[in-house]
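Trainee: Heads up: the sequence shown runs through residues 7 to 56, numbered per the working numbering.
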Amino acid sequence: MNSKQVVLSWEDVDKLVRQLLPQFRREFTAMVMITRGGIIPGGMLAEAMG
7 MNSKQVVLSW EDVDKLVRQL LPQFRREFTA MVMITRGGII PGGMLAEAMG
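1. Spatial neighbours of residue 33 within its chain, please: CB distance less than 6 Å, with the 5 preceding and 5 following residues excluded, ordered by chain position.
2. So, under 8 Å CB-CB, residue 54 and residue 27 are touching, yes? Tell me the CB distance rounded to an integer number of Å.
3. On the three-state DSSP scale, how would you describe residue 36?
4. Is the CB of residue 30 under 7 Å away from at least one CB in chain C?
5. With respect to the alpha helix (DSSP H) encompassing residue 49, which residues constitute its N-terminal and C-terminal limits?
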């Protein structure tokens, strides 16, 4: 199996979260995270959204 991997630093993840924030056009009462790598970025998004 030949899979391609991309390694991101925490700084990269933080930048991506900040780029994603303006794309949310309404408030949410809940967020669902995917546990295979999505918990930490999801938590960062939730924290940034207040």
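Ideal Cβ positions, reconstructed from N, Cα and C, are used throughout, including at glycine. Quick caveat: nothing in here was measured; it's all calculated off a predicted structure.
Mentor: This is what the structure holds:
1. Taking residue 33 as the centre and dropping the five residues before and after it, the same chain places no C-beta closer than 6 Å to its C-beta.
2. Their Cβ separation, rounded to whole angstroms, is 6 Å, which keeps residue 54 and residue 27 in contact under 8 Å.
3. Of the three classes helix, strand and coil, the one that applies to residue 36 here is coil, per DSSP.
4. No chain C is part of this structure, which consists of one protein chain only.
5. Here the alpha helix (DSSP H) through residue 49 covers 45–55.
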